[in-house]
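In this note's numbering, the protein residues as written are -3 to 170.
Here's the structure, in structure tokens; my notes come after.
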């Protein structure tokens, strides 16, 4: 620290002297400059600049950036969106197989063979009767299925923003 900031006060000194307003303001400024040295960050929910609130320093506002703790400072990076071009090279593996013994058939209601009539069905005492038959599909014989595919980007970017709360932030540069 510069010599002009090395003013030493003890609580007893202030009590004994009945410190005046100027001395208290000086002490307050010294404490705040110790808490906010050059390179520190000031955050607030209020948009008032720190030089106005604290009364000292030159501050640069941080806008549209998340703070990322690292072993160096003032580096920037990242993006608000992610797209296929941002993804690292990768592949997807799929292994599907079927047997050659694939002959099978299915049963279904055959409405084309439907008959209807008027009158009473003696057996069930039904006024109208509709008859429908079960039919089978033709067997398809032995066969196999081939499945192939690939991954591809959609060409659309997507927002990639974690949940957040906005604050005002500045860093002290002088």
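The beta-carbon is built from N, C-alpha and C at its ideal position, and this holds for glycine as well.
Going by beta carbon distance, what residues of the same chain come within less than 6 Å of residue i, once the five residues before and after it are set aside?
i	result
residue 36	168
residue 158	none
residue 28	50
residue 170	54
residue 16	none
Please work out which residues of its chain come closer than 7 Å, Cβ to Cβ, to residue i, disregarding the five sequence neighbours upstream and downstream, and give them in chain order.
i	result
residue 155	76, 77
residue 43	164
Who are the Cβ neighbours of residue i in its own chain at under 8 Å, not counting the five residues just before and after it?
i	result
residue 45	55, 57, 166
residue 33	168
residue 63	37, 165
residue 41	163, 164
residue 69	35
For residue i and residue j, which I take to be in contact (beta-carbon distance under 8 Å), what is that distance rounded to the nearest angstrom?
i	j	result
residue 53	residue 25	Incorrect: roughly 10 Å between the Cβ atoms, too far for contact.
residue 163	residue 39	5 Å
Using only the alpha-carbon positions, how far apart do residue i and residue j sit?
i	j	result
residue 60	residue 161	12 Å
residue 79	residue 73	16 Å
residue 71	residue 30	25 Å
On the DSSP bridge assignment, give the partners of residue i in chain order.
i	result
residue 58	165
residue 103	132
residue 38	166
residue 77	155
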